[in-house]
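Residue numbers (my numbering): 40 to 256.
What follows is the structure, given as structure tokens:
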């Protein structure tokens, strides 16, 4: 598997930002930040959905509108000089802080064609309090750096020459995943929603990255 590290000049917000992906590990770089407001979640567009295509169609869809949002961080490779096959399980590792006592982090793998269309391949989510165990929640200390591993499950895709590999990072993908109100209370009993400031670090001590199972061709 190959790690593609996140890079930016401190503003990877939206597809118009300066986020990038590279196999080169990061040095000293400014982090990226966004405000996650559960009252205005990132909408779901495509993906591994079941079971009502009239409500939410599954599959690959253009993500351009989503990638214009300031609460979506976008990291892309330069146009590929050769075909790259990715087949197998994919994970995104984030070093991040939040101003909340609980929150979510999401990630999405995207294939960007040579004329700019961006289509989703696979996605995933992690609830902060379950970052260490799915059965034993662990409190989140606001402002403290934690490591999060997001399972994007598996896919098989050939990124064509001239295409770009892209990763989107945010904190919601609704209604595919329920919104986290950022309060730390039980979701089923909570009515209040609080915005949270999310910070993604990508430096030599906190090398946030996506791990891709690249197949030699």
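Glycine residues also receive a C-beta, built at the ideal position from the N, C-alpha and C atoms.
Coil, strand or helix - residue i by DSSP
i: residue 133; result: strand
i: residue 227; result: helix
i: residue 60; result: strand
i: residue 107; result: helix
i: residue 6; result: Because the chain in this structure spans residues 40 to 256, residue 6 falls outside the shown range and cannot be described.
i: residue 82; result: strand
i: residue 42; result: strand
i: residue 222; result: coil
i: residue 181; result: coil
i: residue 176; result: coil
Neighbour-count burial assignment, residue i, 16 or more Cβ in a 10 Å radius
i: residue 70; result: buried
i: residue 192; result: exposed
i: residue 26; result: For the chain, the structure presents residues 40 to 256; residue 26 sits outside this window and is missing.
i: residue 96; result: exposed
i: residue 94; result: exposed
i: residue 56; result: buried
i: residue 131; result: buried
i: residue 205; result: buried
i: residue 237; result: buried
i: residue 129; result: buried
i: residue 226; result: exposed
i: residue 107; result: exposed
i: residue 139; result: buried
For residue i: DSSP bridge partner residues
i: residue 212; result: Partner(s): none; residue 212 has no beta bridge.
i: residue 147; result: 162, 207
i: residue 195; result: 126
i: residue 73; result: 237
i: residue 52; result: 112
i: residue 157; result: 151
i: residue 251; result: 41
i: residue 98; result: 86
i: residue 188; result: 132
Cβ-based neighbour list, residue i, same chain, cut-off 7 Å, excluding 5 preceding and 5 following
i: residue 218; result: 77, 80, 211
Other residues of its chain near residue i: CB distance less than 8 Å, five sequence neighbours each side excluded
i: residue 61; result: 43, 44, 46, 116
i: residue 103; result: 54, 155, 156, 157
i: residue 213; result: 80, 81, 82, 83
i: residue 202; result: 118, 119, 150, 151, 152, 153
Determine contact between the stretch 42-54 and the stretch 159-179, defined as no fewer than three beta-carbon pairs at a distance below 8 Å.
-> no
Any chance the stretch 190-207 sits against the stretch 238-247, with 3 or more Cβ pairs inside 8 Å?
-> no
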